[in-house]
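As structure tokens, the structure follows; a few thoughts come after it.
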Amino acid sequence: MLRNLDPETYDITCIQEPFLNPVNLANASNLRQFWDVIYLTDHHATPGHSQTIMLINKRLSKNNWHIVPLKSPNVMAMELTGDFGKVHIYNVY
166 MLRNLDPETY DITCIQEPFL NPVNLANASN LRQFWDVIYL TDHHATPGHS QTIMLINKRL
226 SKNNWHIVPL KSPNVMAMEL TGDFGKVHIY NVY
């Protein structure tokens, strides 16, 4: 599935139940050229409990988005800003 994500088509991808490798990271090394892999706020503090991740297209300026910190293994959120105002995007497991 991840190999089929076309960075020319998609800007944000919400993934549930990601496969995490032995060092507790998503197996997305081949995607890092086009995507920033975003983990839950407490991902590294509670390894093995992350149920969601987001992939953010590197074409989106980091000045226009940020992660909204939430303390949940099942919910993550980001805020996207632009000429349109602000939009919150949630990935809920």
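Residue 194 in the working numbering sits at position 29 of the sequence shown, and the numbers go up by one each step.
We treat Cβ as the ideally placed atom computed from N, Cα and C, and that holds for glycine.
Small disclaimer: the values here were computed from a predicted structure and weren't measured.
In terms of Cβ geometry, Ile232 and Ile203 form a close pair [threshold 8 angstroms]. Counted as a single uninterrupted DSSP element, the stretch harbouring Glu182 is not any beta strand (DSSP E), since DSSP gives it neither H nor E. In the DSSP assignment, Ala242 falls within the beta strand (DSSP E) that extends over Val240 to Gly247. Sorting Tyr258, Trp230, Cys179 and Ile221 by C-alpha distance to the C-alpha of Gly250 places Trp230 at the top.
Taking a contact as a CB-CB distance under 8 angstroms, the pair Asp201 and Ile221 counts as one, their CB atoms being some 5 angstroms apart.
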